[in-house]
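Read left to right, the sequence shown gives residues 2 to 415 (the numbering used here). Worksheet: the structure to be examined is printed underneath.
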Amino acid sequence: MSKEMLEAFATLEKTKGIKQDVIVEAIKAALVAAYKKNYNQATNVIVEFDERRGDFKLMTEKTVVEEVHDERLEISLKDALTINRAYELGDKIRFEVAPKNFGRIAAQTAKQVIMQHLREAERNHIIDEYSQYEDELITGTVERRDNRFVYVKIGNVEAVMPRNDQMPGEIYNPQDQIRVLVTHVGSDSKGAQITVSRTAPDMVKRLFEQEVPEIYDGTVEIVSIAREAGDRTKIAVKSNDPNIDPVGTCVGQRGARVQNVVNELDGENIDVVKYEDDPSDYIANALNPAEVIAVQFGDEDDEKSALVIVPDYQLSLAIGKKGQNVRLAARLTGYKIDIRPESEVEFVDESSAQAEEENKEAENSTTDDTVSPEVQDDAVDDENTNEELTSEEAEVSDEHEEATDEETVDSTED
């Protein structure tokens, strides 16, 4: 039995990754629990394990007293002396308790405790081992599937892939080798739980890191990813080296690098766009392959909205099938994008409008400060006219005075 026990320990460590020390502690705890269940006492119980022989011994410890009040905890000096004449009052004597003396309930308790400890040990082992693979790509083997999950074997554990993490149109057959992204490593009431995915945006990122060395070493950086799994993905990249083109680096010679990623994702279309610090340029790049005339932003209160003007013949291309292109561009840039054709928008060139306004202000200023030659000539004519009118008025006044004198003379003569 001892040999079989040691072999069982070795098998558990190999298949479940549970160390022998953990198993021994579980059995010790089970024996103590069984003793407590059977004798309703566990304070004086000690479990010993012989590593060489593989034997467990359950020992109860009793104190030598003059008068016994509790047989489970004490032994009389008279009885102790029959065992060994060297015992004295206050000494501790250990007695072996054979597990075969346990009742059925106690044995059942021991079994439950052992299984509980083993499950906890296995769960902790899985979490410790696979938590390092979280958010990483890993290759697994499809074992089976049901209405909710595809079960994937990775290493010595079984991971689950929920329906929303399964690629649309992909069929997973037993023994198929697939690459998945580990999205969660944790535990539930049933034990350790590892969740994997083939639709997560980070899966595209990890695939590019494997295909493009410049991304892996940080020369080219993936800024953002927007993905509709199984159909289309947009990925924005920028270069930390001015001599390297980020888009060309990711695409590769004759598109070899990006094609490898497309093949892994079962033909999913991938658009690689260049990230720009200027939001206008970034949004225009994100709407590729559509041509963009201008990008106008909303009020300060609504900074994350943009009006994009495109040629009339490019409207359907900019929007995409069922709005997919503009939807992915919005996710990629973080802006709410409204697309309008050129014919429906009164497009104003802000630089030209500003220059025209400055010219008008300059003309008004010149008019206020300077009088044109034509205005000066009119002023001279007005002055001459006034002088002529003055001389004529003088002549009329002289004639009136002469007439008045004549009337005075006639009156005197009469």
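The beta-carbon is built from N, C-alpha and C at its ideal position, and this holds for glycine as well.
Subject >> Classification of R199 by the beta-carbon crowding that lies within 10 angstroms, buried from 16 upward >> reply: buried
Original post:
What's the C-alpha gap between T449 and V25?
Top reply: Residue numbering for the chain in the displayed model covers 2 to 415; residue 449 lies beyond these limits and cannot be assessed.
**OP:** Quickly, what does DSSP pair H185 with across the bridge? List them, please.
**Re:** T196
Subject >> Identified DSSP bridge partners for M162 >> reply: V151
Subject >> C-beta contact flag for L90 and N45 at 7 Å >> reply: no
Subject >> Given 8 Å, three or more beta-carbon pairs between the region 221–229 and the region 124–136 >> reply: no
Subject >> G249: first and last residue of the uninterrupted alpha helix (DSSP H) it sits in >> reply: 247–252
Original post:
Quick one: Cα of K20 to Cα of E171, how far?
Top reply: 39 Å
**OP:** Tell me P342's beta-bridge partners as DSSP assigns them.
**Re:** V311
Subject >> Distance between V262 and G1 (C-alpha atoms, nearest Å) >> reply: Residue 1 cannot be examined here, being either before or after the span of the chain that is shown, 2 to 415.
Original post:
Where V66 and S77 are concerned, what is the direct C-alpha to C-alpha distance, given to the nearest angstrom?
Top reply: 5 Å
Subject >> Contact belief for Y276 with K239 at Cβ below 8 Å, rounded distance in angstroms >> reply: 4 Å
Subject >> Runs of beta strand (DSSP E) wholly within the region 12–95 (minimum 3 residues, chain order) >> reply: 46–51, 56–66, 75–77
**OP:** Measuring alpha carbon to alpha carbon, tell me which of V183, E292, I340, P202 ends up nearest L333.
**Re:** P202
Subject >> Residue environment, G141, which counts as buried when at least 16 other CB atoms sit within 10 Å >> reply: buried
Subject >> Reduced DSSP category for E222 - H, G, I as helix; E, B as strand; rest coil >> reply: strand
**OP:** Could you tell me which of N157, L59, R180 sits nearest to E137, measuring between CA atoms?
**Re:** R180
Subject >> is_contact[S77, chain B] using C-beta, thresh 7 Å >> reply: In the displayed structure, chain B is absent; only one protein chain is listed.
Subject >> Boundaries of the alpha helix (DSSP H) in which Q325 is found, first to last residue >> reply: 325–334
Original post:
Skipping 5 residues on each side, what residues in its chain have a beta carbon closer than 8 Å to that of Q167?
Top reply: V151, Y173, R199, T200
Original post:
I320 to N165, Cα distance in whole Å?
Top reply: 26 Å
Subject >> Element boundaries [beta strand (DSSP E), containing N264] >> reply: Looking at the DSSP string, N264 is not in any beta strand (DSSP E); the run it does join, the alpha helix (DSSP H), is 257–265.
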